[in-house]
Every structure is written in C-alpha cells, then in structure tokens.
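Chemist: Have a look at this one.
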Amino acid sequence: MHGGTVPEEQYDFASLQEKWQPRWEQLRPFATEDPSDERPRKYVLDMFPYPSGDLHMGHAEAYAYGDVLARYWRHRGYNVLHPIGWDSFGLPAENAAIKNGIDPKAWTYSNIEQHKRSMHRYATAFDWERILHTSDPGYYKWNQWLFLELYKRGLAYRKDSPVNWCPKDQTVLANEQVVAGQCERCGTEVVKKKLTQWYFKITDYADRLLDDLDLLKGKWPDKVLRMQANWIGRSRGADVDFTIEGSDRTVPVFTTRPDTLFGVTFMAVAPDSDLAAELAAGSDAESRIRFQDYLTSTQKLTDIERQATDRTKTGVPLGRFAVNPITGDRVPIWAADYVLADYGHGAVMGVPGHDQRDLDFALQFGLEVKAVVQPVDEDPIDPAASGEAYVGDGAAVNSGVLDGLSGAEAVSAAIQLLEDRGTGRAATTYRLRDWLISRQRYWGTPIPILHREDGTMEPVPAEQLPVVLPEAEGLNLTPKGQSPLAAATSWVETTASDGTPALRDADTMDTFVDSSWYYLRFLSSKDDTQAFDPEEVRKWAPIDVYVGGVEHAILHLLYSRFITKVLYDLGYVDFEEPFTALLNQGMVILDGAKMSKSKGNLVTLSEELDQHGVDAVRLTMCFAGPPEDDIDWHDVSPAGSGKFLARAWRLSGEVTSPVGADPTAGDRALRSVTHRLRADLPYLVESYKFNVVVARLMELTNAIRKTVDNGPGAADPAVREAVEQLASTVSLFAPYTAEDMWERLGHEASVANVTWGEADEALLVDDTVTAVVQVTGKVRARLEVDADITADELEQLALADSAVQRSIGEREVVKTIVRAPKLVNIVVK
Numbered sequence: 000m001h002g003g004t005v006p007e008e009q010y011d012f013a014s015l016q017e018k019w020q021p022r023w024e025q026l027r028p029f030a031t032e033d034p035s036d037e038r039p040r041k042y043v044l045d046m047f048p049y050p051s052g053d054l055h056m057g058h059a060e061a062y063a064y065g066d067v068l069a070r071y072w073r074h075r076g077y078n079v080l081h082p083i084g085w086d087s088f089g090l091p092a093e094n095a096a097i098k099n100g101i102d103p104k105a106w107t108y109s110n111i112e113q114h115k116r117s118m119h120r121y122a123t124a125f126d127w128e129r130i131l132h133t134s135d136p137g138y139y140k141w142n143q144w145l146f147l148e149l150y151k152r153g154l155a156y157r158k159d160s161p162v163n164w165c166p167k168d169q170t171v172l173a174n175e176q177v178v179a180g181q182c183e184r185c186g187t188e189v190v191k192k193k194l195t196q197w198y199f200k201i202t203d204y205a206d207r208l209l210d211d212l213d214l215l216k217g218k219w220p221d222k223v224l225r226m227q228a229n230w231i232g233r234s235r236g237a238d239v240d241f242t243i244e245g246s247d248r249t250v251p252v253f254t255t256r257p258d259t260l261f262g263v264t265f266m267a268v269a270p271d272s273d274l275a276a277e278l279a280a281g282s283d284a285e286s287r288i289r290f291q292d293y294l295t296s297t298q299k300l301t302d303i304e305r306q307a308t309d310r311t312k313t314g315v316p317l318g319r320f321a322v323n324p325i326t327g328d329r330v331p332i333w334a335a336d337y338v339l340a341d342y343g344h345g346a347v348m349g350v351p352g353h354d355q356r357d358l359d360f361a362l363q364f365g366l367e368v369k370a371v372v373q374p375v376d377e378d379p380i381d382p383a384a385s386g387e388a389y390v391g392d393g394a395a396v397n398s399g400v401l402d403g404l405s406g407a408e409a410v411s412a413a414i415q416l417l418e419d420r421g422t423g424r425a426a427t428t429y430r431l432r433d434w435l436i437s438r439q440r441y442w443g444t445p446i447p448i449l450h451r452e453d454g455t456m457e458p459v460p461a462e463q464l465p466v467v468l469p470e471a472e473g474l475n476l477t478p479k480g481q482s483p484l485a486a487a488t489s490w491v492e493t494t495a496s497d498g499t500p501a502l503r504d505a506d507t508m509d510t511f512v513d514s515s516w517y518y519l520r521f522l523s524s525k526d527d528t529q530a531f532d533p534e535e536v537r538k539w540a541p542i543d544v545y546v547g548g549v550e551h552a553i554l555h556l557l558y559s560r561f562i563t564k565v566l567y568d569l570g571y572v573d574f575e576e577p578f579t580a581l582l583n584q585g586m587v588i589l590d591g592a593k594m595s596k597s598k599g600n601l602v603t604l605s606e607e608l609d610q611h612g613v614d615a616v617r618l619t620m621c622f623a624g625p626p627e628d629d630i631d632w633h634d635v636s637p638a639g640s641g642k643f644l645a646r647a648w649r650l651s652g653e654v655t656s657p658v659g660a661d662p663t664a665g666d667r668a669l670r671s672v673t674h675r676l677r678a679d680l681p682y683l684v685e686s687y688k689f690n691v692v693v694a695r696l697m698e699l700t701n702a703i704r705k706t707v708d709n710g711p712g713a714a715d716p717a718v719r720e721a722v723e724q725l726a727s728t729v730s731l732f733a734p735y736t737a738e739d740m741w742e743r744l745g746h747e748a749s750v751a752n753v754t755w756g757e758a759d760e761a762l763l764v765d766d767t768v769t770a771v772v773q774v775t776g777k778v779r780a781r782l783e784v785d786a787d788i789t790a791d792e793l794e795q796l797a798l799a800d801s802a803v804q805r806s807i808g809e810r811e812v813v814k815t816i817v818r819a820p821k822l823v824n825i826v827v828k
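Heads up, the sequence shown is in numbering that gives the first Met the number 0, so the first residue is 0 and it goes up one at a time.
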C-alpha cells in the first residue's frame, strides 16, 4: 500500500509496448506535412543506417540520443522534423548477394523491412511519411542530376590515377577502407593500380572548407573540427624549381620552409609517380631494376602506412641528380615511399637538418646533414649527432644572403630571392585530394555519362534520368576487374544524341555521394519533379542537430559540407554549412572491449529488449554517462532503470486531484522541485547532459513519493503538477511508460505533443534557509527561517531557542553577532 490507500500495481513493459505501438500507428504523432502548422521549426537528424542485419546496440544508443532531442524540441513548442531512411546501396549487399546467390536488391529491402520493424518497436520518434532509400530510382535519379550539375561546371572530371585496389572484391578502396594493408571487408592484401576514374573537384573548395570551420566552433566537438582541419591540411610556402642534371627538365618542389634551401642535400620523389618512372627510365640498367623492385613493394602499402612516423624509412637511389636553384649544388635523387604522388608535386627537397622525416631518411642511408638554422642565444644544434631535426625558430646560418634573418623574415626573403631569379614563387598546397567517386561494382548509382566511338563523352540529358540499373538476374556479379554493368550488353549499348553508337559508363558512384545530400531529399522525398523544393529548404534547413558516430567525422561530414557549398554557389540553398550542431556518441562495449562474435562478448539488442523492455534499455543508454563516452554494458543496469520506471508509472495511478486542478495552493516544496527541473531542462538537454536529466527525474520521483506518503497526500494538486511534469519528461527517454502515465493521469494521447509551460520564477528562489546558532563559537542550534528574515527577528528567534537557552544558562550575554539569514554567534561570559 502507498499512503494507506492505493494497492501497488504491476508494471508490465511488454503489455505497454503491445498497447501503444498500434495506437501510435494511428495517431502519427510525429508527422510534419501539415502546411498550416505555424509553430517554429527544428530539424533533428540521425545519420541514416546501412541495412545490414538487424539493429544493434550502437543503433540503440544513437537513436536514443536523437529521440531525446527530437522529443525535447516538441515539448518546447516546435514543429520538429525527425526523418529516417536507409543508405541502401553499397558493397556489403553485393557481396552478400554473390555469397548467397540472391539479388542484392532483395537482400537489401528484406533487411530494411527488419530495420523498420525494430525501429517501430524501439519507439523512435520518426516522421514515417518521409522515408527514403538511396537505392530507389526515385532517389538516385537526383544523385545523377547532382553529378551532372557538377559535371557542367567542371567539378566532375575523369583521369588516370593510382588507386587502392582489392584483388578479391575487384574494386577501388578509399584509404580508410584499408587496414594494415588489407581490405577492411575481406582481408585481402591491397595493391596499387592505375585506373581511369571519376573525381569530384573538392580541392577547389579547400580554403572555404577549412576557413568555415570557424563558424562551427562551440557547436561541433573540438576533436572533429581538428580532424577536418588536419585532413584538409593547408600549408603555405613556396614552389621551388629544381633542374634535372643532364636535361632541360625542371621539377617543382613545394616547401613550407624555403628559408632552409641552403640545407638541401637530396631530393626524394614518390616511387609511384610519373616523375619517378621518367627519371628511372633515363638511368642505368641497375638503377632501373632496383627502382622497379622497390615500386612493386611500395604498391602494397597504403598512403597512411607510408607516412607513419614510427616506420623505418625506405628508398632507392635513382642514379640521377638535381641542381639546387639557389646554391647550384648537385644533389642525388631518391625514390622514397614517405613521399606521396598526389601531395604537392610528388617530390620533396630533403633538408635533414630541419625536417625529422628527411633526417631519419638521411641517417638511414648515410646522406649529408647540414644545419642552416640555429636557435638564438642557445648552444648550437647538431642534428646528425643528436638524431633530432631542429624545427623551431632561429637565425639562418650557412645560408648566404639569408644569414642572420629569422622566422617569417627569412621565409619572405627566400621567396623573394626565388622570384627574382625566376626559379620559384609563393604557393599554397593541401593534404586534401579530389574525391574519387568511381566504383567497379553493380549495386550503386550509375554514372550518367555516354562514351562515344570517337572517345568524347556526352552527359545523359536530364529528361532521360534516371539511368536505371538493369536487373541483376542474368548478370554475373562476381568481381572481375571491371563493373559487372559492362557485361550487360543490352543496357550498356545505346546511342548518343546524334544517333551514333555509344556506351554507357559502367562504373557506379561511391555511396558517400548518396549520403552527401540526403538531408535535403527528406524535405521533398515524394517529389518526382525536383531533388528538393527550395521553399521546403527555406522552412527547415540547415539541420539544427546531427547525431551520429565519430567514425564519420572526416569524410562523410566533409563531403556533405562540400556538396552543400556547391549547391549554395549554384543558388539552390541559402546556407553553406549543412549541420549547425553535431552530437557524436561513443561506443557500446563490454568488459572494456569492442563487442564481436569472435570475442564471444556480443550483447544482442533484441535479447536486451526482450528481457528488460525498450524503455529500460533507452533510459539506461541515456543515464550511463555523457553521450561522447563509451558505455560498458557490464557496468550499467537496465534492470535498475526498469525499477525506476515502475515507481514513476505507479505514481501516475495514485493522483486523485482532477485534471486542471490549480497547483498554486499545493505543497510549495514539491512545486519548487518540479519548477527547478522545468527551468533547468533547456540547459541540460541542449548541452547533452541527458544523464543529469535522468538523475533529476529520480529526484523528482522521490519528492513526489515523500509528498504522497508523508505530506499533503495524493490529492494535493502539486502532486498532479509534479507527476505530469514527470510523465512528459520521462517521455524523452521512455515513451511507452510516459504515454501510459499520461493516460492514467486522465489525458488524451499523445504525451509527445505536450508543451511544457514556463517555470515559475518565484518557486526557484529559496523560501527558507538554515540559520546556524553558535554560543561562544560552538554550534548549539540550527533554525529553518525565512530567507528574508531581518537581523532583529533572527536574533530573537535564536535567543528564544530552548537549546540555546540551556547552553547560555546563568552566564551573561556579552555580545550577539548576527549575519542574517544564516548565522547568529552569541558571546557569553
């Protein structure tokens, strides 16, 4: 019994889920298509999932956080767009289809249906009217439109280039898909291969992508901003023209330290560059053989591995020499794999005294080391002896006309010297490379380009889009070095606009293209006349909060930012950054390790939901700690979350005051707890302190229980006010429980539509404080007094207290010190 009147009821999460799922299907509480809705708008988006298998613990975490934010803004009076779709093209579906002998389309859409069922069960607050699948022709039609928009403006182009190639999957891999030299998906050793590929010219936007990160400071995690900046990698310096001895050939070399030109002792070129092949071809037979062997070994490494700082430097001399344009010195040319073909010009000037990688290389192969910068007012440095390159500021030495200059002054003078001699110029370079979008696989967006017999290319007219994938039936999808589409003769063979024969481009697009703009398609997911309606974009975009894993911190976010800026330049959108705020969640782990079947530490989401219920799992995710931290499932308690929800749910059945009862005459202490929570929710939720919100809900539940059992009782209208606030806030985390609480309180569904009122400022001020009374420095009493009590009133209360009187006894009060409202010190003798 609670309060001696109400029997304890049984909280049954399974029956609540069974009851409310179909009700929500009818109510559609999160639909947003009503054009007459004049509430202010918020756009909350979760990174959409790939439909591989069922939802897992990582999904459960991410969708719990996104749901908190979407539901929160609805309670704040906003019309909230929170859509869902599937990133449904890609390699896993094709590999699964090949392995199991089924159509990748059937595999994909079967998994999507399973995802949908699980998401409905998980009570995600999605607008189910706006679903999209990137593998639908109605979606990838606009992928192709986007490609053509870039193509028309020179931002989509085709060129030969060395790429990461998986011999088993027979497709190009991005650097991040290569782990320890092996294909991330199949474990096959990756090789370098030269192919003709399609690229998007993202490097044209490098400066804007870097500079506009300033707009996101304080809104995106600092870690992500740093990762993006490092990936773009802008460097300012000079291009220096070195002449190849014995020829008229000059090689431009980019350097950020032209002030160290007098310290150049060798040149290093990327072994997989055209320059290296050209230089080796003009060398002796022994050097050519040595170079070819080295090139073969280099092609087995990724760019990331080649640039690892802890890896022993490797290289071979090419038997050729370059001439320093400043000193006239003759320096040997080496092929070295720490130099990348597509960074700068594929060659570096080796300054081992002042670059650690160059020093490591020089020491490895016994090359000369010159110190041409010395620290001021310190002992001279000797990099060859110490093994440490000096990269700090200092004065130029052994540098001719630069001697004595330092820092920016020396750099400027060196650039001026190069320009005066016509052997160099100021330059800026980037680590960012153009975006390779070609994939030699079937299950992706066909590239809308026709190849004529004369070698020219023609874009497919917009009115003929989409170029629809042919059916997989009858196609051999097994990887074989080119796209399976090339073998679909009836599909690939077509005619150009002038009636002459042409072939469709058989490559498909990288799925990063699909996800780079999908947030805009959600705004017009059923519109077959345009990619997105500009009016809807003005209403909803950009996204207010984007939720997803930090593993997408570089490429996906960078590509989305790039495409948004292109669309801005084309006049399709009026903003340049797609995601105003970003919430990255950590991982769900077990016993300190990432979950995996092979380790035997896999926690299955469906089993956790069966055992504890959806609400308990969701609440546990949000109570475990800050979203960015990893959650160790071993350390949390979904059973404990279920017990708290049962306590909250039972309170909703004990309220006896009528709906609409005026709470102002109710228990002030309870009302203060209720309104403090209401006042603090905006800060707590918007700063992603979800665990603190849950703790505050537990505090409110305890305060309500105390009032019901020991205070004014369940009939107090302050209890109704508190339980209504409890129910509507619990709905952020545990929607089934909250919805049922709301109904038990006498309201119509849905609790998701409840708008929170403003906190009463008067209830946020402490009405009473504890005043400490001391007698000759020793605490003798504590008094609960009004916060606005006067000094005279506080003194009289203190002197009248029985404990204080006993302490004074027959002694004389010499002095009374009063610091209202918190302290009275009585001095006696």
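Glycine included, C-beta positions come from ideal geometry on N, C-alpha and C.
So, at 8 Å on beta carbons, what are the nonlocal neighbours of Thr767 in its own chain, with the 5 sequence-adjacent residues on each side left out?
Modeler: In the sequence shown, the residue the question calls residue 767 occupies position 768. The residues are Glu783, Val784, Asp785, Ala786.
Chemist: Ignoring anything shorter than 3 residues, give me the beta strand (DSSP E) runs that lie fully in the region 519-569, in order along the chain.
Modeler: Here the runs fully enclosed are 544-548.
Chemist: Between Arg781 and Val771, is the Cβ-Cβ spacing less than 8 Å?
Modeler: To locate residue 781, count along the sequence shown from 1; it is residue 782. To locate residue 771, count along the sequence shown from 1; it is residue 772. Closer than 8 Å, so yes.
Chemist: Between which two residues does the alpha helix (DSSP H) carrying Asp661 extend?
Modeler: The count along the sequence shown starts at 1 and reaches residue 661 at position 662. Unbroken run through Asp661: none, as it is neither H nor E.
Chemist: Looking at the secondary structure, which residues open and close the beta strand (DSSP E) in which Gly423 lies?
Modeler: Residue 423 sits at position 424 when you count from the first residue of the sequence shown. Segment 423-429, the beta strand (DSSP E) holding Gly423.
Chemist: According to DSSP, is Gln439 helix, strand or coil?
Modeler: The sequence position of residue 439 within the sequence shown is 440, counting from 1. Residue state, collapsed to three classes: coil.
Chemist: Considering only DSSP beta bridges, list what Lys193 is partnered with.
Modeler: Here residue 193 corresponds to residue number 194 of the sequence shown, with the count starting at 1. Paired residue(s): Pro161.
Chemist: Could you tell me the distance, in whole angstroms, from the CA atom of Lys222 to the CA atom of Ala717?
Modeler: As a position in the sequence shown, residue 222 is number 223, starting the count at 1. As a position in the sequence shown, residue 717 is number 718, starting the count at 1. Going from the Cα of Lys222 to the Cα of Ala717 covers about 45 Å.
Chemist: Tell me which residues share the same chain as Asp11 and place their Cβ nearer than 8 Å to its Cβ, disregarding the 5 neighbours each side in the sequence.
Modeler: Within the sequence shown, residue 11 is the residue found at index 12, counting from 1. Excluding residues within five positions, none has a Cβ falling inside 8 Å.
Chemist: Report buried or exposed for Glu653, applying the criterion of at least 16 other Cβ atoms within 10 angstroms of its Cβ.
Modeler: For the purposes of this step, residue 653 is taken as residue 654 along the sequence shown, with counting starting at 1. Classification of Glu653: buried, given that the 10 Å Cβ count is 16 or more.
Chemist: Along the beta strand (DSSP E) that carries Leu172, what are the first and last residues, could you check?
Modeler: Here residue 172 refers to the residue found at position 173 of the sequence shown. Segment 170-172, the beta strand (DSSP E) holding Leu172.
Chemist: My output table needs one value for Arg40: the three-state DSSP class, helix, strand or coil.
Modeler: Counted from its first residue, the sequence shown places residue 40 at position 41. If DSSP states are grouped into helix, strand and coil, Arg40 belongs with the strands.
Chemist: According to DSSP, simplified to helix, strand and coil, what is Met46?
Modeler: The count along the sequence shown starts at 1 and reaches residue 46 at position 47. Three-state DSSP puts Met46 in coil, outside helix and strand.
Chemist: Return the residue from the list Ala714, Asn110, Leu464 that minimises the CA-CA distance to Gly52.
Modeler: Position 53 of the sequence shown, counted from the start, is the residue given in the question as residue 52. Considering only alpha carbons, the answer is Asn110.
Chemist: Just confirm the distance between the C-beta atoms of Ser405 and Ala394, as a whole number of angstroms; I'd bet it's less than 8 Å.
Modeler: Numbered from its first residue, the sequence shown carries residue 405 at position 406. Numbered from its first residue, the sequence shown carries residue 394 at position 395. Indeed, because the Cβ distance is near 5 Å, the residues count as touching under 8 Å.
Chemist: Please classify Ala501 as buried or exposed, where buried requires at least 16 neighbouring CB atoms within 10 angstroms.
Modeler: Locating residue 501 in the sequence shown gives position 502, counting from the first residue. Buried, by the Cβ-count rule.
Chemist: How about Phe146 and Ile562: do their beta carbons lie closer than 8 Å?
Modeler: Position 147 of the sequence shown, counted from the first residue, corresponds to residue 146. Position 563 of the sequence shown, counted from the first residue, corresponds to residue 562. Taking 8 Å as the Cβ cut-off, Phe146 and Ile562 do not qualify as a contacting pair.
Chemist: Hey, would you say Trp632 sits closer than 8 Å to Asp739, going by beta carbons?
Modeler: The residue labelled residue 632 in the question sits at position 633 within the sequence shown. The residue labelled residue 739 in the question sits at position 740 within the sequence shown. It is not a contact, given that the beta carbons lie outside the stated cut-off.
Chemist: If contact is defined by three or more beta carbon pairs under 8 Å, each pair taking one atom from either stretch, is the region 65-81 in contact with the region 19-32?
Modeler: Contact holds: three or more Cβ-Cβ distances are below 8 Å.
Chemist: Please confirm if the region 230-242 is in contact with the region 377-391, defined as three or more CB-CB distances below 8 Å between the two stretches.
Modeler: Too few Cβ pairs lie closer than 8 Å, so no.
Chemist: In terms of residue numbering, what span does the beta strand (DSSP E) encompassing Trp127 cover?
Modeler: In the sequence shown, counting from the first residue as 1, residue 127 sits at position 128. Note, Trp127: premise wrong, no beta strand (DSSP E); not H, not E.
Chemist: Any idea what DSSP makes of Ile816, helix, strand or coil?
Modeler: Position 817 of the sequence shown, counting from 1, holds the residue named residue 816. Strand at Ile816.
Chemist: When the Cα atoms are used, what is the spatial distance from Leu522 to Leu556?
Modeler: Here residue 522 refers to the residue found at position 523 when the sequence shown is read from its first residue. Here residue 556 refers to the residue found at position 557 when the sequence shown is read from its first residue. Computed Cα separation, rounded: 19 Å.
Chemist: Among Ala407, Arg440, Gly262, which residue has its Cα nearest to the Cα of Asp354?
Modeler: Stepping through the sequence shown from its first residue, residue 354 is reached at position 355. Per the Cα distances, Gly262.
Chemist: Check each candidate in Gly639, Ala664, Pro711, Arg152 and name the one with the smallest Cα separation from Met697.
Modeler: For the purposes of this step, residue 697 is identified with residue 698 of the sequence shown, where counting begins at 1. With distances taken between Cα atoms, Met697 lies closest to Gly639.
Chemist: Measuring CB to CB, does Val546 end up less than 8 Å from Leu582?
Modeler: Translated into positions along the sequence shown, residue 546 becomes position 547. Translated into positions along the sequence shown, residue 582 becomes position 583. Contact: yes.
Chemist: Note the first and the last residue of the continuous alpha helix (DSSP H) segment covering Gln20.
Modeler: The residue labelled residue 20 in the question sits at position 21 within the sequence shown. First-last of the alpha helix (DSSP H) with Gln20: 12-26.
Chemist: For Leu822, which option in Ile807, Gln724, Arg779 has the closest C-alpha, if you only look at C-alpha atoms?
Modeler: On the sequence shown, residue 822 is found 823 positions in, with the first residue counted as 1. Checked all of Ile807, Gln724, Arg779; the closest Cα to Leu822 is Arg779.
Chemist: Three-state secondary structure (DSSP) at His1?
Modeler: The residue labelled residue 1 in the question sits at position 2 within the sequence shown. Note on His1: pLDDT 41, under 50, position unreliable in the model; no value is reported.
Chemist: Nearest-angstrom Cα distance between Gly2 and Leu650?
Modeler: Locating residue 2 in the sequence shown gives position 3, where the first residue counts as 1. Locating residue 650 in the sequence shown gives position 651, where the first residue counts as 1. In this prediction, Gly2 has a pLDDT of 43, which is less than 50 and means its spatial position is unreliable; nothing more can be read from the coordinates.
Chemist: Between Ala361 and the rest of its own chain, which residues show a CB-CB distance below 6 Å, the 5 nearest in sequence each way excluded?
Modeler: Residue mapping note: residue 361 aligns to position 362 of the sequence shown, counting from 1. Excluding sequence neighbours, Ala361 sits near Pro351, Val368.
Chemist: Can you tell me which of the three DSSP states Ala623 falls into?
Modeler: The residue you call residue 623 lines up with position 624 of the sequence shown. Reduced to three states, the DSSP call for Ala623 is coil.
Chemist: Buried or exposed: where does Thr4 fall if 16 or more other Cβ atoms within 10 Å of its Cβ makes it buried?
Modeler: Mapped onto the sequence shown, residue 4 falls at position 5. Confidence in Thr4 is poor, its pLDDT being 45 and thus under 50, which makes the residue's placement unreliable; the coordinate value appears in the next sentence. Exposed, because fewer than 16 other Cβ atoms sit within 10 Å of the Cβ of Thr4.
Chemist: Just to confirm the assignment, what range does the beta strand (DSSP E) spanning Thr673 have?
Modeler: The count along the sequence shown starts at 1 and reaches residue 673 at position 674. Unbroken run through Thr673 is the alpha helix (DSSP H), 667-685; no beta strand (DSSP E).
Chemist: Taking C-beta to C-beta, are Val753 and His74 nearer than 8 Å?
Modeler: Start at 1 with the first residue of the sequence shown, and residue 753 comes out as number 754. Start at 1 with the first residue of the sequence shown, and residue 74 comes out as number 75. Against a cut-off of 8 Å, the Cβ pair of His74 and Val753 comes out as a contact.
Chemist: Leaving aside the five residues before and after Arg256 along the sequence, list all residues of the same chain whose C-beta is less than 8 Å from its C-beta, in chain order.
Modeler: Indexing the sequence shown from 1 puts residue 256 at position 257. Contacts found: Gly236, Val350, His353, Asp354, Val410.
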